[in-house]
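Protein chains in written order, with our numbering: chain H, 1 to 150; chain V, 1 to 188.
Virtual Cβ for every residue (Gly too), placed ideally from N, Cα, C.
Have a look at the structure below, then the notes.
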């Protein structure tokens with residue numbers, strides 16, 4: 001038996017097969033495409049919603065319209081603004097906003113139209129009350145006070 | 001024939017993936033649902049007389065202090081107060097009247113359908129104070145409904161089916177009235 005003779009074997013390291021990588025990533029991509037909805041407005045007002053425990057999840061996203069009430073950067077701390085879609089608005093604009101939102105909805109969604117009020121904690125109740133009155137007059141009777149889980 | 005070089009497919013789909021990650025919002029919306037009353041014709045406004053024992057006046061003043069039938073109360077205690085008021089388990093003559101009613105699935109039982117919670121909020125009170133007040137009242141109702149659901153159906157209210165919920169809502173209807181807006185009914 002011969003000792004000390006080792007045949008130096010040349011081994012080529014095979015490259016890692018990445019053929020399945022695009023498929024994997026596509027799967028993740030499709031997952032995200034399905035579970036997400038696009039952010040449709042960029043918030044111009046800053047708000048911090050109140051906290052609670054007895055909250056319900058907002059379902060039927062396609063039937064939900066949003067009203068944002070909060071502070072605007074640069075404006076005095078105690079002045080609050082209402083935002084509808086992408087621009088600042090007043091209480092008088094709510095009626096036309098609701099009508100426009102309602103017109104865009106499918107006939108299935110119209111009866112369960114919900115308006116979600118996302119308002120800052122420090123907003124005086126007078127503004128909220130005005131918004132509610134305007135919503136009531138335009139027959140958007142399902143509202144939702146947006147809040148975060150405690 | 002050389003195979004098509006697909007090395008960059010991964011990079012392309014990565015970019016798409018990152019785009020969707022950035023533009024999407026995964027946050028689910030939570031909130032306190034409420035049902036507004038239909039707008040009423042102000043020309044034919046009518047006075048509704050509510051007996052004193054049937055009414056619970058909750059007032060929120062400008063600096064965020066709550067009063068309940070003119071006595072000061074903390075938000076934390078309001079839930080209990082609402083529960084006692086709505087349920088009136090001991091048939092206290094100072095608390096709301098109950099009526100005997102045949103309810104589907106539950107049979108003959110005491111129904112609290114006369115009580116009214118009247119809310120009066122000062123316009124300068126903060127939204128947070130208002131929200132916490134609404135939240136406390138809803139919590140009171142939810143606790144009562146939960147108790148009844150566990151007692152009669154053996155599982156909490158959120159686990160009930162639509163028929164059972166209707167029956168429970170019949171026993172404890174949400175009857176909340178706001179000063180600025182005439183009647184704010186409960187959410188089913």
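8 Å Cβ cutoff, residue i in contact with chain V
i: residue 90 of chain H; result: no
i: residue 22 of chain H; result: yes
i: residue 109 of chain H; result: no
i: residue 136 of chain H; result: yes
i: residue 142 of chain H; result: yes
i: residue 68 of chain H; result: no
i: residue 52 of chain H; result: yes
i: residue 126 of chain H; result: yes
i: residue 56 of chain H; result: yes
i: residue 28 of chain H; result: yes
i: residue 97 of chain H; result: no
i: residue 121 of chain H; result: yes
i: residue 75 of chain H; result: no
i: residue 145 of chain H; result: yes
i: residue 116 of chain H; result: yes
i: residue 13 of chain H; result: no
i: residue 113 of chain H; result: no
Where residue i falls: helix, strand or coil (DSSP)
i: residue 15 of chain V; result: helix
i: residue 104 of chain H; result: helix
i: residue 72 of chain H; result: strand
i: residue 175 of chain V; result: strand
i: residue 100 of chain V; result: strand
i: residue 15 of chain H; result: coil
i: residue 35 of chain H; result: helix
i: residue 112 of chain V; result: coil
i: residue 33 of chain V; result: strand
i: residue 170 of chain V; result: helix
i: residue 142 of chain H; result: strand
i: residue 113 of chain H; result: coil
i: residue 107 of chain V; result: strand
i: residue 137 of chain H; result: helix
i: residue 140 of chain V; result: helix
i: residue 23 of chain V; result: helix
Alpha-carbon spacing of residue i relative to residue j, whole angstroms
i: residue 90 of chain H; j: residue 82 of chain H; result: 6 Å
i: residue 143 of chain V; j: residue 78 of chain H; result: 37 Å
i: residue 119 of chain V; j: residue 119 of chain H; result: 20 Å
i: residue 106 of chain V; j: residue 167 of chain V; result: 7 Å
i: residue 81 of chain V; j: residue 85 of chain H; result: 40 Å
i: residue 77 of chain V; j: residue 85 of chain V; result: 12 Å
i: residue 57 of chain H; j: residue 32 of chain V; result: 9 Å
i: residue 21 of chain V; j: residue 121 of chain V; result: 42 Å
i: residue 134 of chain V; j: residue 30 of chain V; result: 15 Å
i: residue 192 of chain V; j: residue 135 of chain H; result: There is simply no residue 192 of chain V to check, as chain V begins at 1 and stops at 188 in what is shown.
i: residue 238 of chain V; j: residue 59 of chain H; result: In the structure as shown, chain V begins at 1 and stops at 188. Residue 238 of chain V is therefore absent and cannot be evaluated.
i: residue 83 of chain V; j: residue 48 of chain V; result: 24 Å
i: residue 46 of chain H; j: residue 68 of chain H; result: 9 Å
i: residue 72 of chain V; j: residue 147 of chain V; result: 27 Å
i: residue 20 of chain H; j: residue 23 of chain V; result: 26 Å
i: residue 72 of chain H; j: residue 80 of chain H; result: 7 Å
Residue-chain proximity (residue i, chain H), Cβ-Cβ < 8 Å
i: residue 74 of chain V; result: no
i: residue 122 of chain V; result: yes
i: residue 142 of chain V; result: yes
i: residue 128 of chain V; result: yes
i: residue 125 of chain V; result: yes
i: residue 13 of chain V; result: yes
i: residue 139 of chain V; result: yes
i: residue 155 of chain V; result: no
i: residue 29 of chain V; result: yes
i: residue 165 of chain V; result: no
i: residue 159 of chain V; result: no
i: residue 147 of chain V; result: no
Residues near residue i in its chain [Cβ-Cβ closer than 7 Å; skip 5 each side]
i: residue 113 of chain V; result: 99 and 173
i: residue 182 of chain V; result: Legend: pLDDT at residue 182 of chain V = 41, less than 50; position of this residue unreliable, value from coordinates given subsequently. Excluding sequence neighbours, residue 182 of chain V sits near 37 and 40.
i: residue 130 of chain V; result: 60 and 121
Own chain, CB closer than 8 Å to residue i, minus 5 neighbours either side, in chain order
i: residue 149 of chain H; result: 51, 52, 53 and 55
i: residue 79 of chain V; result: 136, 137, 139, 140 and 143
i: residue 126 of chain V; result: 64
i: residue 102 of chain H; result: 110, 113 and 140
i: residue 109 of chain V; result: 100, 101, 103 and 171
i: residue 116 of chain V; result: 50, 54, 55, 56, 175, 176 and 177
i: residue 105 of chain H; result: 62, 63 and 113
Cutoff 6 Å; reference residue i; Cβ partners in own chain excluding five residues on either side
i: residue 138 of chain H; result: 95 and 98
Check whether the segment 87 to 98 of chain V touches the segment 152 to 168 of chain V, taking contact to mean three or more Cβ pairs, one atom from each stretch, closer than 8 Å. no
Are at least three pairs of beta-carbons, each pair with one atom in the segment 94 to 107 of chain H and one in the segment 120 to 128 of chain H, less than 8 Å apart? no
Would you check if there are 3 or more beta carbon pairs closer than 8 Å linking the segment 4 to 15 of chain V to the segment 110 to 118 of chain H? no
Is it the case that the segment 128 to 147 of chain H contacts the segment 47 to 64 of chain V, given that we only count it when at least three CB pairs across the two stretches are under 8 Å? no
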